[in-house]
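Undergrad: Okay, handing you the structure first.
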Amino acid sequence: MDMRSKGRVVYFTFLYGLEQEYTLLQKDVQWLLGWPLGGFPGLQAFGRDIVDSHYKACIYAGINISGINGEMMGGQRITKIARVVLSFDPKPIQGDWNDAGAHTNYYSTKSMRNDGGYEVISNC
122 MDMRSKGRVV YFTFLYGLEQ EYTLLQKDVQ WLLGWPLGGF PGLQAFGRDI VDSHYKACIY
182 AGINISGING EMMGGQRITK IARVVLSFDP KPIQGDWNDA GAHTNYYSTK SMRNDGGYEV
242 ISNC
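Going from the sequence shown to the working numbering is simple: count from 1 and add 121.
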């Protein structure tokens, strides 16, 4: 059945988000930001000042941004601050960690967000 002919697409009112991942590299050596040169980092977070600056710039520009996060690999931050290189390469340094990419995250339909939504989700 073609849902468009029945007006059902409008009924569902989909909610989704677009997510673009980036990796920051040290400008002079093309190695991941926050990683020791030629080595691998421990478990830590860094670059929060860069992330906060980017978030504030998006808000100031009128971009409807709802959040920021550091994903799986250190150096995966978005920035306008100098001394880093932005890479769209999904795996700029080879190894056993997640790639960076672009995603469309599908969240829910209107009926899933309304009262009784859990039952709608369970019936999917």
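Note that beta-carbon positions come from the ideal geometry of N, C-alpha and C, so glycine has one too.
How close, in whole Å, do the beta carbons of G238 and E142 come, if the pair is a contact with beta carbons under 8 Å?
TA: Actually they do not touch by this definition, with Cβ atoms about 29 Å apart.
Undergrad: Suppose the cutoff is 7 Å on Cβ atoms and the five residues either side in sequence are ignored; what does the same chain contact list for D220 look like?
TA: Around D220: P211 and K212.
Undergrad: Between the alpha carbons of I171 and F161, how many angstroms are there, rounded?
TA: Roughly 21 Å between the two C-alpha positions.
Undergrad: On a CA-only basis, which of I184, L207, G168 and C179 is nearest K148? Give me that one, please.
TA: Ranking I184, L207, G168 and C179 by Cα distance to K148 puts L207 first.
Undergrad: For the beta strand (DSSP E) that Y143 lies in, which residues bound it at each end?
TA: Unbroken run through Y143: none, as it is neither H nor E.
Undergrad: In three-state DSSP terms, what is V172?
TA: DSSP places V172 in helix when its eight states are reduced to three.
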